[in-house]
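2 protein chains.
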Amino acid sequence: MDLDKRILNGDKRACARLITMVENNEKEGIDIVKKIYKHSGNAHVIGITGPPGGGKSTLTDKLAKELRKRGKKVGIIAVDPTSPFSGGSILGDRIRMQDLATDPGVFIRSMGTRGNLGGLSKSTQSAIKILDVYGADYIFVETVGVGQSEVDIVKTVDTVVMIMVPGLGDDIQAIKAGVMEIGDVFAVNKSDLDGADKTALELEMMLDMGFKEDKKPKVLKVSSSKNEGVSTLLDEVISHMDYMIDTDKLQKRREENAKVEILNLVEEEIMQMVLGKTKTGQLLDEVSKKTALRKTNPYDGKDIIVKSIKE
Amino acid sequence: MDLDKRILNGDKRACARLITMVENNEKEGIDIVKKIYKHSGNAHVIGITGPPGGGKSTLTDKLAKELRKRGKKVGIIAVDPTSPFSGGSILGDRIRMQDLATDPGVFIRSMGTRGNLGGLSKSTQSAIKILDVYGADYIFVETVGVGQSEVDIVKTVDTVVMIMVPGLGDDIQAIKAGVMEIGDVFAVNKSDLDGADKTALELEMMLDMGFKEDKKPKVLKVSSSKNEGVSTLLDEVISHMDYMIDTDKLQKRREENAKVEILNLVEEEIMQMVLGKTKTGQLLDEVSKKTALRKTNPYDGKDIIVKSIKE
Numbered sequence: 001m002d003l004d005k006r007i008l009n010g011d012k013r014a015c016a017r018l019i020t021m022v023e024n025n026e027k028e029g030i031d032i033v034k035k036i037y038k039h040s041g042n043a044h045v046i047g048i049t050g051p052p053g054g055g056k057s058t059l060t061d062k063l064a065k066e067l068r069k070r071g072k073k074v075g076i077i078a079v080d081p082t083s084p085f086s087g088g089s090i091l092g093d094r095i096r097m098q099d100l101a102t103d104p105g106v107f108i109r110s111m112g113t114r115g116n117l118g119g120l121s122k123s124t125q126s127a128i129k130i131l132d133v134y135g136a137d138y139i140f141v142e143t144v145g146v147g148q149s150e151v152d153i154v155k156t157v158d159t160v161v162m163i164m165v166p167g168l169g170d171d172i173q174a175i176k177a178g179v180m181e182i183g184d185v186f187a188v189n190k191s192d193l194d195g196a197d198k199t200a201l202e203l204e205m206m207l208d209m210g211f212k213e214d215k216k217p218k219v220l221k222v223s224s225s226k227n228e229g230v231s232t233l234l235d236e237v238i239s240h241m242d243y244m245i246d247t248d249k250l251q252k253r254r255e256e257n258a259k260v261e262i263l264n265l266v267e268e269e270i271m272q273m274v275l276g277k278t279k280t281g282q283l284l285d286e287v288s289k290k291t292a293l294r295k296t297n298p299y300d301g302k303d304i305i306v307k308s309i310k311e
Numbered sequence: 001m002d003l004d005k006r007i008l009n010g011d012k013r014a015c016a017r018l019i020t021m022v023e024n025n026e027k028e029g030i031d032i033v034k035k036i037y038k039h040s041g042n043a044h045v046i047g048i049t050g051p052p053g054g055g056k057s058t059l060t061d062k063l064a065k066e067l068r069k070r071g072k073k074v075g076i077i078a079v080d081p082t083s084p085f086s087g088g089s090i091l092g093d094r095i096r097m098q099d100l101a102t103d104p105g106v107f108i109r110s111m112g113t114r115g116n117l118g119g120l121s122k123s124t125q126s127a128i129k130i131l132d133v134y135g136a137d138y139i140f141v142e143t144v145g146v147g148q149s150e151v152d153i154v155k156t157v158d159t160v161v162m163i164m165v166p167g168l169g170d171d172i173q174a175i176k177a178g179v180m181e182i183g184d185v186f187a188v189n190k191s192d193l194d195g196a197d198k199t200a201l202e203l204e205m206m207l208d209m210g211f212k213e214d215k216k217p218k219v220l221k222v223s224s225s226k227n228e229g230v231s232t233l234l235d236e237v238i239s240h241m242d243y244m245i246d247t248d249k250l251q252k253r254r255e256e257n258a259k260v261e262i263l264n265l266v267e268e269e270i271m272q273m274v275l276g277k278t279k280t281g282q283l284l285d286e287v288s289k290k291t292a293l294r295k296t297n298p299y300d301g302k303d304i305i306v307k308s309i310k311e
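So the sequences go chain by chain: A and B.
Numbering follows this note's numbering, in which position 107 of the first sequence is assigned residue number 107; successive positions increment by one, without gaps.
Numbering follows this note's numbering, in which position 293 of the second sequence is assigned residue number 293; successive positions increment by one, without gaps.
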């Protein structure tokens, strides 16, 4: 059977195969994604993000298990943009709880930069759509919430769960502030630790200052290792989706997400044009050399490259 | 006197003024940067990066003070790309040691996304060149080394000092692996903590696996708070520059840096074209809407936008 039909029939191996094709930037794979795209849009896509050491993986696993109890199909995409060569993603897959990985109603995939010729953002976006067509009711996209590329990835979901933990240093707090605006639901994990109440209170206070235009995000305490508060957190995540549907905000949000996705593809194509063995690529080498020698400057160099792209 | 002449004369206030103009994306400011660009290239530009909580600011301050003792002029640019609205940068400036800030031979500037209309990367690059022309012998660019945008910024320097600290969690270790390849000198900070020797040893082992083509980076133990090992670290940083000059690698590296800088400017211009109130901007809105409704897909949408950019 064709790959697209197999995915529509809920074939996990076909999903894995197509994601790999997109990662390898194979035209055939991308053509299949284009073909099945119209069948996507049914899953609730949930971003899980937070500082390093926040317990994202464990919490995602617990949420997935809770959804399985409720009879739902689940996809998990663990994104690790910080590992260009560490092989961390592969390791991550192995560490993940075996019971989830062998559950026929759960599809787990780790994605890193390594071997990802198609670009991490493109592969992640396509993987979401593939799991959507595969029939996942809920898809988790899990990533460290620290840099712009991570924020870009987690932005293109329906609901962002921002994980916080008590007692991290000042630098972490700064990171928290930087990405706080993208959170729809806040989970203070490791709620058994000292300082959890204080962290939750601080969060409430920051949110009272009004980062969000409309609905003030809820702050919930959870302990993923002890499996406390997970079901309540899940209810709140689902409630955020209901809210968006009821208020007609979902379409607007998905338009914004599509915009980010298209822009990433545009950027990728232009970068290939500029960095490849093309006329523009040669020009870039020349102006970079002249700039380094101070015979020109980056701004005039930029003008030359933009002109060449347009030709 | 004109701003460019004042900067060439070592006027700190003129530097601050021009950096602000670039941050505000004022054409006049960028024209001045273009004009003075040919006078840059004399400073040794040093990137200071590492995980959150690694003690980057303190170490940078100590290195700057050591250089002042040696009679050198110093520029410090503290980049905080994770703070789009927290005002962390302003706070950071105030927290910085007052004795450095009031030293006429030291220029300190914090840069964040907030109010940075010119784009953080562009502003940072221009600030480096401005401080270079101002007469700084050494310029530190300090940033959290966790995401792609941070790595992009710290990449465009002559020498990257990667700070490590003992006893961070697994996620941090993954981040470390992700950015390790860009380090020219490694500093294990907080060397008085348990585990510092182990961290240094692990680093040595990873570096033995050969991330670098040529010179294996040195691993040095420092304690920035106790001011131990700072002078030796500085000597090693200077020795890295000597090595690049002696082996003719500096020009090649600066060409690569110029390439990244030009590409960032190209990207910015194209994004302005696509996201502005332009024909392409309108097209993007349309295809994003259709994509969200699954009437088209992001790949066909991308083709339409790229065609429009070229027109």
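Note that CB positions come from ideal geometry on N, CA and C, so glycine has one too.
Looking at B/G47: is its Cβ nearer than 9 Å to the Cβ of B/T199? Taking the first residue of the second sequence as 1, we reach residue 47 of chain B at position 47. Taking the first residue of the second sequence as 1, we reach residue 199 of chain B at position 199. No, Cβ-Cβ distance for B/G47 and B/T199 is not below 9 Å.
Leaving out five residues before and five after A/K221 in sequence, what residues of the same chain have Cβ atoms less than 7 Å from its Cβ? As a working mapping, residue 221 of chain A is identified with position 221 in the first sequence. Hits under 7 Å: V188, S191, A196, A200 and G229.
CB contact check: B/K38 to chain A, cutoff 9 Å: Position 38 of the second sequence, counted from the start, is the residue given in the question as residue 38 of chain B. Closer than 9 Å to some Cβ of chain A, the Cβ of B/K38 qualifies, so yes.
Grouping DSSP H, G and I as helix and E and B as strand, with all else coil, what is A/R294? Taking the first residue of the first sequence as position 1, residue 294 of chain A is located at position 294. Coil, per DSSP.
With a cut-off of 9 Å, does the C-beta of A/T124 fall near any C-beta of chain B? By one-based count along the first sequence, residue 124 of chain A stands at place 124. Taking Cβ atoms only, chain B never reaches closer than 9 Å to A/T124, which makes this a no.
Could you have a look at B/A78 and say whether DSSP puts it in helix, strand or coil? If you number the second sequence from 1, residue 78 of chain B lands on position 78. B/A78 falls in the strand class under three-state DSSP.
Would the beta-carbon of A/L120 fall within 9 Å of that of A/V74? Residue mapping note: residue 120 of chain A aligns to position 120 of the first sequence, counting from 1. Residue mapping note: residue 74 of chain A aligns to position 74 of the first sequence, counting from 1. It is not a contact, given that the beta carbons lie outside the stated cut-off.
Using DSSP's beta-bridge definition, name the partner residues of B/S121. Counted from its first residue, the second sequence places residue 121 of chain B at position 121. Paired residues: none, contrary to the question.
Reference B/E236, options B/K218, B/K155 and B/G54, closest by Cα: Position 236 of the second sequence, counted from the first residue, corresponds to residue 236 of chain B. B/E236 has its Cα closest to that of B/K218, out of B/K218, B/K155 and B/G54.
Kindly indicate the opening and closing residues of the alpha helix (DSSP H) around A/M241. Mapped onto the first sequence, residue 241 of chain A falls at position 241. First-last of the alpha helix (DSSP H) with A/M241: V230 to D246.
Is the CB of A/D285 under 9 Å away from at least one CB in chain B? The residue you call residue 285 of chain A lines up with position 285 of the first sequence. Yes, contact with chain B.
Exposed or buried, A/M1, counting other C-beta atoms within 10 Å across all chains shown (16 or more means buried)? As a working note, residue 1 of chain A is residue 1 in the first sequence. Looking at its Cβ environment, which holds fewer than 16 other Cβ atoms inside 10 Å, A/M1 is exposed.
Using the Cα positions of B/T278 and B/S231, report the straight-line distance between them to the nearest angstrom. For the purposes of this step, residue 278 of chain B is taken as residue 278 along the second sequence, with counting starting at 1. For the purposes of this step, residue 231 of chain B is taken as residue 231 along the second sequence, with counting starting at 1. B/T278 and B/S231: Cα-Cα distance of roughly 54 Å.
Residues of chain B with a CB under 7 Å from the CB of A/A258: which are they? If you number the first sequence from 1, residue 258 of chain A lands on position 258. S288, T291, A292 and P298, listed in chain order.
Indicate whether at least one CB of chain A lies closer than 9 Å to the CB of B/V266. Position 266 of the second sequence holds residue 266 of chain B. Yes, because at least one Cβ of chain A sits closer than 9 Å to the Cβ of B/V266.
With a threshold of 16 other CB atoms inside 10 Å of the CB of A/N42, please say whether the residue is buried or exposed. Here the question's residue 42 of chain A lines up with position 42 in the first sequence. It is exposed - the Cβ of A/N42 has fewer than 16 other Cβ atoms within 10 Å.
Closer than 8 Å at the beta carbon, the chain B residues around A/G29: Locating residue 29 of chain A in the first sequence gives position 29, counting from the first residue. The contacting residues do not exist; A/G29 stays about 11 Å from chain B at best.
With three or more beta-carbon pairs closer than 8 Å as the criterion, would you say the segment 253-267 of chain A touches the segment 292-310 of chain B? yes
Below-9 Å beta-carbon distance, A/G301 vs any chain B residue: Here residue 301 of chain A corresponds to residue number 301 of the first sequence, with the count starting at 1. Chain B contact via Cβ: present.
Does the segment 44-60 of chain A come into contact with the segment 15-30 of chain A, if we say contact requires no fewer than three beta-carbon pairs (one atom in each stretch) closer than 8 Å? no
Presumed contact (8 Å Cβ cut-off) between A/E269 and B/V306, rounded CB distance: For this step, residue 269 of chain A is matched to residue 269 along the first sequence. For this step, residue 306 of chain B is matched to residue 306 along the second sequence. Indeed, because the Cβ distance is near 6 Å, the residues count as touching under 8 Å.
Once the 5 residues before and after A/E204 are set aside, which same chain residues still bring their CB inside 8 Å of it? As a first step, residue 204 of chain A is located in the first sequence; it is residue number 204 there, counting from the start. Here the set comprises V219.
Which residues share a DSSP beta bridge with A/A187? Position 187 of the first sequence, counting from 1, holds the residue named residue 187 of chain A. A/I163 and A/L220, per the DSSP bridge assignment.
Measure how close the beta-carbons of B/E142 and B/K56 come, nearest whole angstrom, since I'm counting them as under 8 Å. Counted from its first residue, the second sequence places residue 142 of chain B at position 142. Counted from its first residue, the second sequence places residue 56 of chain B at position 56. Indeed, because the Cβ distance is near 5 Å, the residues count as touching under 8 Å.
Since A/G41 meets chain D, which of its residues come closer than 7 Å, beta carbon to beta carbon? As a matter of chain content, chain D is missing from the structure shown, whose protein chains are A and B.
Identity of the residue in B/D248, B/L3, B/K65 and B/I32 nearest B/Y138 by Cα: Translated into positions along the second sequence, residue 138 of chain B becomes position 138. Selected option, being the one with the closest Cα: B/K65.
Taking the beta carbon of A/E317 as the centre, do at least 16 other beta carbons fall within 10 Å, making it buried, or is it exposed? Not covered by the structure: residue 317 of chain A. The range shown for chain A is 1 to 311.
Taking only beta-carbon positions, decide if A/V33 is within less than 9 Å of chain B. For the purposes of this step, residue 33 of chain A is taken as the residue at position 33 of the first sequence. Taking Cβ atoms only, chain B reaches closer than 9 Å to A/V33, which makes this a yes.
Starting from A/V260 and walking both ways along the beta strand (DSSP E), at which residues does that stretch end? Numbered from its first residue, the first sequence carries residue 260 of chain A at position 260. Taken as a continuous stretch (DSSP letters only), A/V260 belongs to no beta strand (DSSP E), being part of the alpha helix (DSSP H) at K249 to L275.
Nearest-angstrom beta carbon gap, B/I36 and B/V133 [assumed within contact, 8 Å]: Taking the first residue of the second sequence as 1, we reach residue 133 of chain B at position 133. Taking the first residue of the second sequence as 1, we reach residue 36 of chain B at position 36. With a Cβ gap of about 5 Å, B/V133 and B/I36 count as contacting.
Whose CA, out of B/V33, B/E26 and B/K27, lies closest to the CA of B/D4? Stepping through the second sequence from its first residue, residue 4 of chain B is reached at position 4. Checked all of B/V33, B/E26 and B/K27; the closest Cα to B/D4 is B/V33.
Which of the three DSSP states is assigned to B/T20 in this structure? Here residue 20 of chain B corresponds to residue number 20 of the second sequence, with the count starting at 1. Helix, per DSSP.
So, is the C-beta of A/I309 closer than 9 Å to a C-beta in chain B? Here residue 309 of chain A corresponds to residue number 309 of the first sequence, with the count starting at 1. Answer yes: the Cβ-Cβ gap between A/I309 and chain B drops below 9 Å somewhere.
What separation, rounded to the nearest whole angstrom, lies between the Cα atoms of A/I321 and A/I77? The structure shown has nothing for residue 321 of chain A, since chain A only spans 1 to 311.
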